[in-house]
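Visitor:
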RNA sequence: GGGCCCGUAGCAUAGUCUGGAUAGUGCGGUUGGCUUCGGACCAAUUGACCGGGGUUCAAAUCCUCGCGGGCUCACCA
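Structure representation (C-alpha cells):
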C-alpha cells in the first residue's frame, strides 16, 4: 500500500509547487489517504475548501485510484480495493513466515536482559524484563541485525553470603533443591533473621569475606553447588518462557577486571580517590559522583559493569550494546555510558539503555527480600490450572494435550499482559485482571488464531483466489498490510508494545470479519479461505515476535 | 531541593517523537445475538485528554508555568 501512497504523493507534487504529505483519515469511510489543504491557503491566498475543490478537478486519478472526493478542506483518495487485496494477500502468501521482514542494517547487536540474581526469587517483575528482552531480540533479528542475547547474573555479593549463612545455620538438614521457590524462601528467612538480631550480620560478613578470599574450600563448594541449583532453576523458567541466551556473563567473572580497570582509571586521571573510595567525579557532566570501589577496596556493581562492557566491545566485537534493565538504574547507566565515552570506546555512543518499569503490587513494590512478591512459578501454576479448567469445560481431552495447551495459554496470557503497554510505565499487578482470558489478552489472540485454523482444517483443500473485498474484508486486508510498518517502529523505538497492540487489532479485525462473513459454504468461499490463511500467517508472525507461540486448537 | 519519567471515562490503556476531520480500544455497567465455520466471540449503549498561559489556520500532541504520582541523587544491585 505504501508504494501507492508514494505514487500519489509524487503525482500531487507535480500539481502543486511544494512539499506535501498524505495522511490516513481517522475513518476509512473518508478514504484511504487524505490531503489537508490548510497549508496552501496562505501561499495561494485562497480558502482551503476552494483549494481542495480545485485540486479535485486538476488531478487525474491514476488507475489504482477508484475515486477522489473532497470533504471540506480535505481531498480524499479512495484506492481500488481489488488491486489492494491482490497486492497484499499475494505478498503474505508468498513470503509466509518472512512476511514483514526487512533490512534495517546488519550490525552486530548484543542485547543484555533478564539479569536474575542467583539465590533469590524470580518474580513476575523479572518476567516483564525477560519478555521484553526476548521480544526485542526477535524483532531486531527480524529486521536484519546480527543479534547476540546475553544474560548477566549476580552470582556473588552480599545477598549470596546471606543466603549461605542462613542455609548453613538454620536449614542445613534440608538438601539443596533446584527449586526456585525453595531457594527464594531461604533468602527471605535470612533477611528476617538478620532484621531480628543485628549482631548476626557479623557472621554474614565473615562468610562474605571467606567467600571472597576462597580460603574455605567447604564453603566454596557449597556456593558452587547452590549457585548451580539456582541457575538450573532459572533455566527451567527460561524454557517455559521460550527464552534462550547465547552467552551468560557472571558478576563473579568480572570482579577482578573491574578492580583493575578502576585502578587504571585512577592512573589516567579519569577516576580519583575520595573519602577512601575510588570514584569518578561526573559533576561536570551533570551526573554526580560514581563510586567504583568501596573504601575497603572491594569492587562495586559500577566497576563490574565497566569490565563487562569492555569485554563486550573487545572480545565480542559488538557494534551496539543494548541493556534491558530496571528503570531505577537509569542514572547508573548514564554514568556507565559516560565513563565508556571517557575511556574512548568508539561504541560508547551506540550503547542503548531500555528502561523496564516496575511491576508493583497494589500496596507497593515487590520485594525478594521480604518475600512480598508473586513468584513466576506459583503464578504460572495458577494460570495453567485456570486455563485447564476452561479447556475442559469445552470438551474431552487427553492429559498430555491438555497440559500442552494450558501451558501455552498461561504463558501467552502472562507475556501479553507484560508486553502490551509502554515499558516505561509502571504496571500495577492486579491478579483478577491478570487471570482474565477475555478482551485484550493473550488467550484472545490465541483463540482467534485457533478459530481461523479450525476453519482451514474444516475446509480442506482449496485454491487461492482473490475477488472484490467487502468492507470487513478490506479492513482486515489493510491491517495485514500494516504489519511491516509496525515492525520497523518497534525496532527503532525498541518497544514491542507497538507489535502487541497491532496483534490485538489484527485479531479483533479477524473476529469482526468472522462475525460478519460466513466462509465455508459461501459464494466467496475460496477468496475468504485465502484471506483466513493470510491472516493466520501474519498473526503467527506477529505473535512470534512477542515470544508467544500459537496453538492449533484450544 | 536537583535530574529523569508518568498523568487520557469508574478501572486499565492506544494515540504524543512526525500538530489536522467525529480522541481509538479493553474491563466494568446496561441491552441484544448460537437451526452459520469454536460464545475465550460478535453487535449496540454508557463514559475521558490533570490545570493555567503561549505558539498555530489547527494542540491530547509543540513551548511554558503549576499540580499530582513514581524513580533517582557516594561506597546495594
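Numbering (the working numbering), first residue to last: 123 to 676.
Even glycine gets a Cβ: it sits at the ideal position worked out from N, Cα and C.
Remember, predicted model here, so these are calculated numbers, not experimental data.
#1: Hey, residue 271 and residue 259 are a contact pair by Cβ (cut 8 Å); roughly how many whole angstroms apart?
#2: Shortest alpha-carbon distance to residue 265 belongs to which of 674, 673, 671, 667?
#3: If you count every other CB in all the chains shown that lies within 10 Å of the CB of residue 406, and 16 or more means buried, which is it?
#4: Excluding the five sequence neighbours on either side, which residues of its own chain have a C-beta within less than 6 Å of the C-beta of residue 398, listed in chain order?
#5: Using the DSSP secondary-structure output, state which residues sit across from residue 200 in a beta bridge.
#6: Could you check where the alpha helix (DSSP H) with residue 270 kicks off and where it finishes?
#7: Suppose you measure from the CA of residue 385 to the CA of residue 424; what does that come to, to the nearest Å?
#8: For residue 191, which residues from the same chain have a beta carbon less than 6 Å from its beta carbon, with the 5 sequence-adjacent residues on both sides left out?
#9: Considering only the beta carbon of each residue, do residue 602 and residue 551 sit closer than 8 Å?
#10: Is any heavy atom in the ligand MG found nearer than 7 Å to the beta carbon of residue 592?
#11: In this structure, what does DSSP give as the bridge partners for residue 465?
#12: So residue 618 and residue 261 are supposed to be a Cβ contact under 8 Å. How far apart are they, rounded?
#13: What does the Cβ neighbour count give for residue 292, buried or exposed, with the cut at 16 atoms within 10 Å?
#14: Could you check if residue 243 is buried or exposed, using at least 16 other CB atoms within 10 Å of its CB as the buried criterion?
#15: Can you tell me whether residue 457 is buried or exposed, with buried defined as 16 or more other CB within 10 angstroms of its CB?
#16: Across which residues does DSSP place residue 482 in a beta bridge pair?
#17: What's the C-alpha gap between residue 620 and residue 611?
#18: Look up residue 280 in the DSSP assignment and say whether it is helix, strand or coil.
#19: Determine, using beta carbons only, whether residue 544 and residue 230 come nearer to each other than 8 Å.
#20: CA-CA distance, residue 623 and residue 564?
#21: Entirely within the stretch 394–421 and at least 3 residues each: give me those beta strand (DSSP E) ranges in chain order.
#22: Quick one: Cα of residue 426 to Cα of residue 524, how far?
#23: What is the DSSP secondary structure of residue 487, reduced to helix, strand or coil?
#24: How would you write the range of the alpha helix (DSSP H) that residue 577 sits in, first residue to last?
#25: Return the bridge partner residues of residue 657 from the DSSP annotation.
#26: Alpha helix (DSSP H) containing residue 166: first to last residue?
#27: Using DSSP with H/G/I as helix, E/B as strand and the rest coil, what is residue 440?
#28: Helix, strand or coil: which one does DSSP assign to residue 497?
#29: Please confirm whether residue 355 and residue 300 have their CB atoms less than 8 Å apart.
#30: By how many angstroms is the C-alpha of residue 401 removed from the C-alpha of residue 470?
#31: In three-state DSSP terms, what is residue 673?
#32: Assuming residue 570 contacts residue 632 (C-beta within less than 8 Å), just tell me the rounded distance between them.
#33: Below 6 Å CB to CB, which residues in the same chain sit around residue 499 once its five sequence neighbours on both sides are set aside?
#34: Short of 7 Å in beta carbon distance, which residues of its chain neighbour residue 367, apart from the five on each side in sequence? Order them along the chain.
#35: In chain order, what residues of the same chain have a beta carbon less than 6 Å from the beta carbon of residue 448, not counting five sequence neighbours either side?
#36: Does residue 316 come out as helix, strand or coil in the three-state DSSP assignment?
Guide: The relevant details are as follows:
#1: Correct: roughly 5 Å between the Cβ atoms.
#2: In this structure, 667 is the residue among 674, 673, 671, 667 with its C-alpha nearest to the C-alpha of residue 265.
#3: Flag for residue 406 reads exposed.
#4: Around residue 398: 417.
#5: Residue 200 is bridged by DSSP to 189.
#6: Secondary structure note for residue 270: it is in no alpha helix (DSSP H), and the uninterrupted beta strand (DSSP E) holding it is 268–275.
#7: When rounded, the distance between both Cα atoms is 13 Å.
#8: Within the same chain, 198 come within 6 Å of residue 191 by CB-CB distance, once the 5 residues on both sides are set aside.
#9: At a Cβ-Cβ threshold of 8 Å, residue 602 and residue 551 do not count as neighbours.
#10: Because no ligand of any kind appears in the structure shown, any question about the ligand MG cannot be addressed here.
#11: None, per the DSSP bridge assignment.
#12: Their Cβ separation, rounded to whole angstroms, is 6 Å, which keeps residue 618 and residue 261 in contact under 8 Å.
#13: Residue 292 should be labelled exposed.
#14: Classification for residue 243: buried.
#15: Flag for residue 457 reads buried.
#16: DSSP lists 550 as partners of residue 482.
#17: In this model, residue 620 and residue 611 are separated by some 7 Å (Cα to Cα).
#18: It is helical.
#19: Between residue 544 and residue 230, the gap from beta carbon to beta carbon reaches 8 Å or more.
#20: Using only the alpha carbons, I get a separation of about 11 Å.
#21: With a minimum length of 3 residues, the unbroken runs of beta strand (DSSP E) contained wholly in the stretch 394–421 fall at 394–396, 399–403, 411–415.
#22: Straight-line spacing of the CA atoms in residue 426 and residue 524 works out to 46 Å.
#23: In this structure, residue 487 counts as coil in the three-state DSSP scheme.
#24: Secondary structure note for residue 577: its alpha helix (DSSP H) is the uninterrupted segment 564–581.
#25: Residue 657 is not bridged to any residue.
#26: Residue 166: member of the alpha helix (DSSP H) spanning 160–166, first to last residue.
#27: It is coil, neither helix nor strand.
#28: Reduced to three states, the DSSP call for residue 497 is strand.
#29: In contact: residue 355 and residue 300 (Cβ atoms closer than 8 Å).
#30: Each residue's Cα considered, the two are about 20 Å apart.
#31: Residue 673 falls in the coil class under three-state DSSP.
#32: That belief holds up - the Cβ atoms of residue 570 and residue 632 are roughly 5 Å apart, short of 8 Å.
#33: Excluding residues within five positions, the ones whose Cβ falls inside 6 Å are 302, 303.
#34: So the list reads 271, 272, 273, once near-sequence residues are dropped.
#35: Shown here for residue 448: same chain residues with a beta carbon closer than 6 Å to its own, the five before and five after excluded, namely 478 in chain order.
#36: DSSP places residue 316 in helix when its eight states are reduced to three.
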